[in-house]
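In what follows, a structure is listed as C-alpha cells, so that the remarks can point back to it.
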Amino acid sequence: MWEYTDQVKDHFLNPRNVGFIDDYDGIGEVGSLACGDALKLTFKLGDDQRIADARFQTFGCASAIASSSALTEMVKGLTLDEASDVTNEDIADFLGGLPKEKMHCSVMGRDAMEKAISFYRGEAETKIEGEIVCECFGVTDVQIERAVTENGLTSIEEVTDYVKAGGGCENCHDRIQFIIDSVLGNTPKAAKRPEALTNIQKIKMIDATLDREIKPALNQDGGDIELVDVDGNRVMVKLRGTCASCSKSQVTLKHYVETRLKELVSQDLVVEEV
Amino acid sequence: MNPIYMDNNATTRVAPEVLEEMLPYFSDLYGNPSSMHTFGGNVGSTLKKARENVAGLLGALPEEILFTSCGTESDSTAIHAALRSNPEKKHIITTRVEHPAVKNLGEYLANNGYRVTFVPVDRDGRLDEDFLYKSLSDDTALVSVMWANNETGTIFPVEKIARKVREWGIVFHTDAVQVVGKIPMNLADSAIDMFSLSGHKLHAPKGIGVLYVRKGTKFAPFLMGGHQEGGRRAGTENTASIIGMGRAARLVVDSMEDENTRVRALRDKLEKELLKRIPASMVNGDPENRLPNTTSIAFEYVEGEAILLLMDQHGICASSGSACTSGSLEPSHVLRAMGVPFTAAHGTIRYSLSIYNTEEEVDFVIEKMPPIIERLRRMSPFWKEGQIS
Ligand SMILES: Cc1ncc(COP(=O)(O)O)c(C=O)c1O
Chain S
94 MWEYTDQVKD
104 HFLNPRNVGF
114 IDDYDGIGEV
124 GSLACGDALK
134 LTFKLGDDQR
144 IADARFQTFG
154 CASAIASSSA
164 LTEMVKGLTL
174 DEASDVTNED
184 IADFLGGLPK
194 EKMHCSVMGR
204 DAMEKAISFY
214 RGEAETKIEG
224 EIVCECFGVT
234 DVQIERAVTE
244 NGLTSIEEVT
254 DYVKAGGGCE
264 NCHDRIQFII
274 DSVLGNTPKA
284 AKRPEALTNI
294 QKIKMIDATL
304 DREIKPALNQ
314 DGGDIELVDV
324 DGNRVMVKLR
334 GTCASCSKSQ
344 VTLKHYVETR
354 LKELVSQDLV
364 VEEV
Chain D
2 MNPIYMDNNA
12 TTRVAPEVLE
22 EMLPYFSDLY
32 GNPSSMHTFG
42 GNVGSTLKKA
52 RENVAGLLGA
62 LPEEILFTSC
72 GTESDSTAIH
82 AALRSNPEKK
92 HIITTRVEHP
102 AVKNLGEYLA
112 NNGYRVTFVP
122 VDRDGRLDED
132 FLYKSLSDDT
142 ALVSVMWANN
152 ETGTIFPVEK
162 IARKVREWGI
172 VFHTDAVQVV
182 GKIPMNLADS
192 AIDMFSLSGH
202 KLHAPKGIGV
212 LYVRKGTKFA
222 PFLMGGHQEG
232 GRRAGTENTA
242 SIIGMGRAAR
252 LVVDSMEDEN
262 TRVRALRDKL
272 EKELLKRIPA
282 SMVNGDPENR
292 LPNTTSIAFE
302 YVEGEAILLL
312 MDQHGICASS
322 GSACTSGSLE
332 PSHVLRAMGV
342 PFTAAHGTIR
352 YSLSIYNTEE
362 EVDFVIEKMP
372 PIIERLRRMS
382 PFWKEGQIS
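Read top to bottom, the protein sequences are chains S and D. Per the numbering used here, the very first residue in the first sequence carries number 94; after that it's consecutive. Per the numbering used here, the very first residue in the second sequence carries number 2; after that it's consecutive.
In C-alpha cells:
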C-alpha cells in the first residue's frame, strides 16, 4: 500500500480537467503503454495569452493521474513563460508530496507541459535530445543529467525514482553512475563496492581515499588532512594548515570529507576532527 | 465495512477453529516441549499430534515433516540442503516464474559460483518441460519447480518432472505453497524429495511453514543449534503456530471438496461475467491446469494500481500484476516470462478466493468492476470509445 497524501487521493478520486481540447493550441504527449504510464496534455490560450483551459488524458497509477490533474490546475491562468517554470518539485509540492518511488509521475507532468509549449511555439523538440542510456524505458543521457542536476540526485535508485532509467534490466547502471559522477564533479569509480568491509580493509580504503581523492583537493587550498584513527565507523582526522584555522573547517569536514568517504568507502562512516 | 476479501493467494484468514486451538498455548500452556517435566512434556505430545495431522494431509510420515518459520524458510532450507549435501555439483535448475523466495535465491546463487538454469514458460504459462529435461546434467545438484503459480494459478506437472529428475539421481524440490489444501496429494507415492508449504495460505497463522523431506534424502540444516526437529531445524518450537498448523491441516482435508466445487464455481462465475461485461479483457495462465480459486484477468489500457485503489473504495481486496504496486517499474516477472503484452500486463488483477467467499460477494464484485475499468479507460489516452482489441 502506498502512503499517499490526502491531496493525491483527492486528485486521483476526483480528477480535475480530464479530457481533450479539440481545438488545442498546444499538445504534449509523453510516456507509452510499455512504460506503464503516459500522459496526453492539451491547452488552449485565452485572449490575454494566458492558459484558459488545460486538459489531460492519463494512463497510469494513482499518482500519475493525480500529478496530471494537479498540473492542469496549476497552469490554468498562467502565461506560457510562467507555465514553463513549473518544475516537477512544484507538482509534487502541490500534492503535499509524492512517495519517492513515484517522483517520475511529476517529471512526466513537467515534460508534457514543456512539450505542449514547444508545440505551440513551433519549436523542434530540443529537450528530449541526447543518446538513449536506458533501453528499457527509452531515457536519454540529457534527461538523466537534467533530473540529477535539478533534483540534486546522488544515487542510481534516485534516478530510477525520478525518470525510471535503470529500473528495468539494470544494464545501464554503470552509465547512470557515470552521469551522476560527472554532474557531481567526481571522478567516475567502479559502480559497486563490496557490501561489508573488514576493519582492516576499511582503514586501508579510507587511507587510500584520503591520499588519492581528498588530500590533493585540500592541498590546493593550502591545507592538509591526516588520518588519526578509525573506530568502527568513526573516522578521526586531524586538519592542518589553512583548513584548521578556517572558520568553515567544520563545514569542510562534514560536507566534503565525510561525503567523499561515504561515497567511496562506506555509507556508515562519520568523520570527527581530533 | 467488512472487506470483500479476494486476495487469498497473498494470505488467508485464520480459521476460527485454528485460533481457538492455539489460544491456550499463549497463556496457560506455555511449557517448552523439550522440558523433562510433565507441564512442558504435555505440549510436546500436542506437537506430535500436529505433526501427524500435517503428515496425514500430505501422505507423508511424521518424521518427514519439519516445522519452519515460513514458506520462504522452507524454500531456502531445501535449496541450501541440496547444495550442501552435493558440494561437488554446481548447477541448479528452476523456472522463470518462481516466487521471489526461490527466484531471488536462485539469482543470488547465480552470482555466487553456481550455474542456474531458469526454465521458460509459454504464453499460457505452461512450463517448457523439454527445455528442463535437456538442461539436466551430471553437474545438477537440484531441480526446484513450483507446483502452482501464485500469480496465475497455473499448475505445473511436478510429479511427472520429479520422476524424470529422479532417473538422474538429482534432488527434486517443489514450492507447493499455493496448492496445499486445494488439490489432493500423496507424497508416499511420489518422486518429490522436498516440498515447501506455508501456514498462512491455508487458514493457519503467518509465520509457520513446513518443509517435507523424504526419508533418505541427504540433508544439511539451515538453522544450526539445538536438537529440535530432529536436529534439522534448531530453535524452540513455535508451539501455538505448529498446533494451529495441525488444526488447519485437518480442516483443509474436509474443505478440499468445497474448494473444488463451490469455490471453483464462484471463481468461474466471476471470471465469465467479468470477461463478458468488460471489453478488451482476458485471462492470463493455463485455463486447463489451474488452481480452483485463482483467476488473473488483464484489463487492457488501464493500470493495475489505479484499479486496485478504486476497488479499495468498495472494500474489495485483490492484487495486481502491475509494477506500480511493488515499487519496481516493470510488470511482474511472471507475466513478462509468459510474454503477456505490456498493454495487458500493466492492467492485470488477480482475484483469489477461499472457502469463506460467498456468491453475494462475487455478485458485488461483478457489479462494481465494469464501472471502475470504464472510468479509468475514459481517462486513458490509449482507449477509444467502443474499441475492442
Ligand atoms: C508460491 C509461494 N512461495 C513462497 C511464498 C512465501 O511464503 P511465506 O510468506 O510464508 O514466506 C509464497 C507466499 O507469498 C508463495 O505464494
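All residues carry an ideal CB built from backbone N, CA and C; glycine is no exception. All of these numbers come straight from a predicted model, not from anything done at the bench.
The three-state reading of DSSP puts Tyr357 of chain D in coil, since its state is none of H, G, I, E or B. Minimum Cα-Cα distance from Pro342 of chain D among the listed residues D:Arg124, D:Met37, D:Arg268 and D:Thr69 corresponds to D:Arg124. Close partners of Thr165 of chain S in chain D (Cβ separation under 7 Å) are lacking, with about 12 Å as the shortest Cβ gap.
Taken from the Cβ of Val264 of chain D, every heavy atom of ligand 1 lies 8 Å or farther away. Against Gln150 of chain S, the close residues of chain D are Met380, Ser381 and Pro382, in the order they occur along the chain (beta-carbon pairs closer than 7 Å). In the three-state reduction of the DSSP assignment, Thr95 of chain D falls in the strand class, which pools E and B. Between the region 153 to 172 of chain S and the region 301 to 311 of chain D there are three or more C-beta pairs closer than 8 Å, enough to call the two in contact.
Here DSSP, grouped into helix, strand and coil, assigns Phe187 of chain S to helix.
In summary, the residues of the region 132 to 144 of chain S whose CB is separated from some CB of chain D by less than 9 Å are Leu132 and Lys133, in the order they occur in the chain. Look at Ala281 of chain D: its C-beta is not under 9 Å from any C-beta on chain S. In this structure, Met147 of chain D has its beta carbon less than 8 Å from a heavy atom of ligand 1. An exposed status is given to Val321 of chain S, since fewer than 16 other beta-carbon atoms sit within 10 Å of its beta-carbon. Straight-line measurement puts the Cα of Gly153 of chain S at about 17 Å from the Cα of Ala258 of chain S. Nearest Cα to Gly236 of chain D within the set D:Cys71, D:Gly227, D:Ile244 and D:Ile243: D:Gly227.
The region 201 to 287 of chain S contains, as complete beta strand (DSSP E) runs of 3+ residues, the segments 225 to 227 (chain order). A Cβ of chain D is located within less than 9 Å of the beta carbon of Phe105 of chain S. It is roughly 19 Å from the alpha-carbon of Leu20 of chain D to the alpha-carbon of Ala11 of chain D.
Within the region 89 to 147 of chain D, the complete beta strand (DSSP E) segments of 3 residues or longer fall at 92 to 96, 116 to 120 and 141 to 145, listed in chain order. Contact annotation for Thr344 of chain D against chain S: Leu126 [CB-CB distance below 8 Å, chain order]. Taking a Cβ-Cβ cut-off of 7 Å, Tyr6 of chain D has no neighbours in chain S, whose nearest Cβ is about 15 Å from it.
In the DSSP secondary-structure assignment, Phe343 of chain D is not bridged to any residue.
In terms of beta-carbon proximity, Gly261 of chain S lines the interface with chain D, with at least one pair separated by less than 9 Å.
Listed along chain D are Glu304, Glu306, Ala307 and Cys325, each with a C-beta nearer than 7 Å to that of Cys154 of chain S. In terms of Cβ geometry, Leu67 of chain D and Arg233 of chain D form a close pair [threshold 9 Å]. Contacts between Val111 of chain S and chain D, judged by CB atoms closer than 8 Å, involve Arg379 and Met380 in chain order. Put simply, the CB of Pro372 of chain D is far from chain S, with every gap to its CB atoms at 9 Å or more. In this structure Met2 of chain D is exposed. Its beta-carbon is surrounded by fewer than 16 other beta-carbon atoms within 10 angstroms. In terms of CA proximity to Asp129 of chain D, D:Val98 leads the group D:Asp139, D:Ala111, D:Thr153 and D:Val98. Under the three-state reduction of DSSP, Phe220 of chain D is assigned to coil, being neither helix nor strand. For Ser70 of chain D, the three-state secondary structure derived from DSSP is coil. Of the candidates S:Ala301, S:Gly215, S:Asn244 and S:His104, the residue whose Cα lies closest to the Cα of Thr165 of chain S is S:His104.
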